[in-house]
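Numbering (our numbering), first residue to last: 3 to 99.
In structure tokens, the structure reads:
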């Protein structure tokens, strides 16, 4: 499942040159997926493991085909951090400093 953050981290750490090879389809228009993921992380105690993501995100409409695109954007703009040891994603907001 693409909800697993480890492959995403490997892709991000390998550098932007690899991104076209792993490019995912864009999230559907009409929903602010980054905001929804941020709110979900805040409500879940600011951090989510890959196992938790696999359970919590699909009912919210997240697709395994493009969740990585949203996470990548959050990592790039500094609104989230990925723990390379546990592969847990942590959001960085006022509620989750």
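Ideal placement from N, C-alpha and C gives every residue a C-beta, glycine not left out.
Asked	Found
Close beta carbons around residue 42, own chain, < 8 Å, minus the five adjacent residues each side	50, 58, 59, 62
Beta bridge counterpart(s) of residue 72 as assigned by DSSP	Partner(s): none; residue 72 has no beta bridge.
N-terminal and C-terminal residue of the alpha helix (DSSP H) that residue 82 is part of	Unbroken run through residue 82 is the beta strand (DSSP E), 82-84; no alpha helix (DSSP H).
Integer-rounded CB distance, given that residue 95 should sit under 8 Å from residue 54	Not confirmed; about 18 Å, so no contact.
Backbone CA spacing between residue 91 and residue 29 [nearest angstrom]	19 Å
Cβ neighbours of residue 3 in the same chain (closer than 7 Å, five flanking residues each side left out)	Unreliable placement is indicated for residue 3, whose pLDDT of 42 sits below 50; the coordinate value is still reported in the next sentence. Closer than 7 Å at the Cβ level, and outside the excluded window around residue 3, lie 56, 66.
C-alpha distance - residue 76 paired with residue 88, whole-angstrom precision	18 Å
Cβ-based burial, residue 74 [other Cβ within 10 Å; buried from 16]	buried
Sequence-distant residues of its chain with Cβ nearer than 7 Å to residue 38 (five each side left out)	62
Under the three-state DSSP convention, the category residue 59 falls into	coil
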